[in-house]
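Contents: one structure, followed by commentary.
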Amino acid sequence: MAEKTDPFEASASAIGYVYQLRKALHLCIERHGRGFDWSVAIEAGDDIEEVSKDGTIYYQLKHRAPGVSLTDASTDLWKTLRIWAHAIANHQLDLDETDLVLMTTAELPRGSAASMLQPAVVSRRDESGALKALTAARESSTNKDLKKAFEAFDALTEEQRQVMTSRIQVLGRAPDVEAVGGLLLERAVTAVGHTYARPFLSRLEGWFFQRTIRQLRARDVDAISGNEFDQVFTDYRNQFRPENLPIDEDIASLEPNLAMYGDHVFVRQLHLINLGAPRVGRAVRDYMRAFAQRSRWSDENLLLPGDISRFERRLVEEWGELFEDMRDELGDEVAETAKVAAARDIYRWAMSQASGRIRPDCDEPFVVKGSFHMLADDQRIGWHTDFGARLMSILEPTEAGTA
Numbered sequence: 001m002a003e004k005t006d007p008f009e010a011s012a013s014a015i016g017y018v019y020q021l022r023k024a025l026h027l028c029i030e031r032h033g034r035g036f037d038w039s040v041a042i043e044a045g046d047d048i049e050e051v052s053k054d055g056t057i058y059y060q061l062k063h064r065a066p067g068v069s070l071t072d073a074s075t076d077l078w079k080t081l082r083i084w085a086h087a088i089a090n091h092q093l094d095l096d097e098t099d100l101v102l103m104t105t106a107e108l109p110r111g112s113a114a115s116m117l118q119p120a121v122v123s124r125r126d127e128s129g130a131l132k133a134l135t136a137a138r139e140s141s142t143n144k145d146l147k148k149a150f151e152a153f154d155a156l157t158e159e160q161r162q163v164m165t166s167r168i169q170v171l172g173r174a175p176d177v178e179a180v181g182g183l184l185l186e187r188a189v190t191a192v193g194h195t196y197a198r199p200f201l202s203r204l205e206g207w208f209f210q211r212t213i214r215q216l217r218a219r220d221v222d223a224i225s226g227n228e229f230d231q232v233f234t235d236y237r238n239q240f241r242p243e244n245l246p247i248d249e250d251i252a253s254l255e256p257n258l259a260m261y262g263d264h265v266f267v268r269q270l271h272l273i274n275l276g277a278p279r280v281g282r283a284v285r286d287y288m289r290a291f292a293q294r295s296r297w298s299d300e301n302l303l304l305p306g307d308i309s310r311f312e313r314r315l316v317e318e319w320g321e322l323f324e325d326m327r328d329e330l331g332d333e334v335a336e337t338a339k340v341a342a343a344r345d346i347y348r349w350a351m352s353q354a355s356g357r358i359r360p361d362c363d364e365p366f367v368v369k370g371s372f373h374m375l376a377d378d379q380r381i382g383w384h385t386d387f388g389a390r391l392m393s394i395l396e397p398t399e400a401g402t403a
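Residue numbers (full-length UniProt numbering): 1 to 403.
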């Protein structure tokens, strides 16, 4: 029988990855507003690597269950020291320019090496005492799992160990993954207010996770810079201002299965004016995107009462003026080709010149175009001058036996 994977171990690893990403995003938000001369990367030099004009900071993150302590013989501590010692020995880390931070949710026992290496603002540092404690733990430990960590530690000269220890800062009882999420939400509230904080943060986290994946998968993708983060953060924040609404990239890139929409009323309306297949395809795409985006706005309570009704009223009224003008110009006795040509003009206006917007700064074209198609689907508007009668004959089935 195959050995079963411990589900708790797997979930702990997953939480650790989420913790790493959230903490990196939190670092970006903390740096945001303090200038642009910084960058943050995942799994570059360390779990998180932060580079600025003041130097480099390597972060090792350890997410542990409540009640866990970081002792002098702790695996978390020695695996971290192994990573740093190996980088020092191989000249991959310049201690003159690099700070080493071990951030853990675990407790730091009083008198432990980790407690002596807390930042000076938290506790009195004792770098010499910490190094003695680490050396003693290394000499007394019989843990075979830490053999490579001890070898990496031993490979350093005494001076290198002293300098490494002086650059280490241990942050104990750090906020766990949920607490970091709470800190992110607080910053989101500051940026866009309580009402929009969660949708704003959801989009920012989504972008950050996708951006990090690109950085991990492609060698030529740079770390997230201060400039790049500022542009993205500012753009999302602007989308949540009262005069705007967010446009989501996953919706803006949707492509429909055209076969699923062939019987929709708005498609039948397009057939009435002999629109070609490519233009019908674009109409279906805009309809689907507008429907999906409006649904998400509604689900996230981003719409104010009356937003949709006012928006649609403006579209219908603007369309109505042109439509009635068209009917007056055509008159009663006119050829079908003239009707279709005039209807195409109305349709062309709706797709390119209509001025109605759901919010003043929400200028995504598919919102307006797709909303016109939604209105056409409800038969509140149409393109052909006789669309009502034509649709009635198409959509209403005749009863069998009717004379």
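Positions of the beta carbon are idealized from the N, C-alpha and C atoms, including for glycine. In this text the structure is predicted, and so the values were computed from the model without any measurement.
Since residue i and residue j are thought to touch, with beta carbons under 8 Å apart, how far apart are those beta carbons, to the nearest angstrom?
i: L77; j: R167; result: Between R167 and L77 the Cβ distance is about 15 Å, and since that is not below 8 Å, they are no contact.
i: M164; j: L156; result: 7 Å
i: T104; j: K132; result: About 21 Å separates the two Cβ atoms, so there is no contact after all.
i: L258; j: G281; result: 6 Å
i: I381; j: F372; result: 7 Å
i: W319; j: A350; result: 6 Å
i: D60; j: L117; result: Looking at the sequence provided, one finds Gln at residue 60 rather than Asp. Going by Cβ atoms, the distance from Q60 to L117 rounds to 13 Å, so no, they are not a contact pair.
i: A130; j: A113; result: 4 Å
i: F266; j: D377; result: 4 Å
Please report the residue range of the beta strand (DSSP E) in which residue i lies.
i: E324; result: No beta strand (DSSP E) contains E324, which is instead part of the alpha helix (DSSP H) from D307 to L330.
i: Q169; result: I168 to L171
i: K147; result: First-last for K147: K147 to D154, but that is the alpha helix (DSSP H), not the beta strand (DSSP E).
i: E50; result: I48 to S52
i: H60; result: Before going on, a small fix: residue 60 reads as Gln here, not His. Counting along the chain, the beta strand (DSSP E) containing Q60 begins and ends at G55 to K62.
i: M103; result: T98 to T104
i: K355; result: It is worth fixing the name first, because residue 355 is Ser in this sequence and not Lys. Run containing S355: none; DSSP gives neither H nor E here.
i: A41; result: W38 to I42
With a CB to CB cut of under 8 Å and the five nearest residues on each side skipped, what residues in its chain are close to residue i?
i: R310; result: none
i: M22; result: Sequence inspection shows Arg at residue 22; the Met mentioned does not correspond to that position. Answer for R22: V177, V180, G181, L184 and E205, listed in chain order.
i: I394; result: R268
i: V18; result: V177
i: residue 452; result: Because residue 452 is not part of the residues shown, which for the chain are 1 to 403, the question remains open.
i: V316; result: L375, R380 and I381
i: E336; result: none
i: T402; result: Since pLDDT at T402 reaches only 45, below the 50 mark, its modelled position is unreliable, and the value read off the structure follows with that caveat. Excluding sequence neighbours, T402 sits near nothing in its chain.
i: E329; result: A342
i: F209; result: L21
Starting from residue i, follow the alpha helix (DSSP H) in both directions and report where the run begins and ends.
i: Q118; result: Note, Q118: premise wrong, no alpha helix (DSSP H); not H, not E.
i: Q293; result: A277 to D299
i: W84; result: T75 to A89
i: T234; result: G226 to Q239
i: L134; result: E127 to S140
i: A197; result: A197 to R217
i: I394; result: F387 to L395
i: T190; result: V177 to V192
i: K369; result: P365 to D377
i: V267; result: V265 to L272
i: I381; result: Unbroken run through I381: none, as it is neither H nor E.
i: D250; result: E249 to A252
Leaving aside the five residues before and after residue i along the sequence, list all residues of the same chain whose C-beta is less than 7 Å from its C-beta, in chain order.
i: E158; result: none
i: R344; result: I273
i: R327; result: T385
i: E396; result: none
i: R214; result: V221
i: K148; result: R82
i: G356; result: F311, R314, L315, E318 and V368
i: residue 407; result: The chain is shown only over 1 to 403; residue 407 falls outside these bounds and no answer can be derived.
i: D6; result: With a pLDDT of 46 at D6, under the threshold of 50, the predicted position of this residue should be treated as unreliable, though the coordinate-derived value follows. Here the set comprises nothing.
i: Q160; result: I88
i: S69; result: A106, E107 and P109
i: residue 459; result: The structure shown does not extend to residue 459, since the chain is modelled only from 1 through 403, so no value can be given for it.
i: E43; result: L216
Give me, in chain order, the residues of the same chain whose beta-carbon lies closer than 6 Å to that of residue i; leave out the 5 immediate sequence neighbours on both sides.
i: Y196; result: F240
i: Y364; result: Residue 364 is actually Glu in this sequence, not Tyr. Closer than 6 Å at Cβ, skipping near neighbours: I247.
i: A73; result: A137 and S141
i: residue 406; result: Missing from the structure shown is residue 406; the chain here goes from 1 to 403 and no further.
i: S115; result: L108
i: D126; result: M116
Return no unless some Cβ of chain D is closer than 8 Å to the Cβ of residue i.
i: N227; result: This model lacks chain D altogether; it includes just one protein chain.
Contact the segment 38 to 58 vs the segment 116 to 134: 3+ CB pairs below 8 Å: no
Quick test of the definition: if touching needs 3 or more C-beta pairs under 8 Å, does the segment 281 to 290 touch the segment 250 to 264? yes
Using 8 Å as the cut-off, can you tell me whether the segment 214 to 229 makes contact with the segment 37 to 52, which would need three or more C-beta pairs spanning the two stretches below that distance? Three or more Cβ pairs closer than 8 Å define a contact, and the segment 214 to 229 meets that threshold against the segment 37 to 52.
Can you find at least 3 beta carbon pairs, one from the segment 26 to 40 and one from the segment 229 to 236, that sit closer than 8 Å? Counting C-beta pairs with one atom in each stretch, the segment 26 to 40 and the segment 229 to 236 have three or more that are closer than 8 Å, which means they touch.
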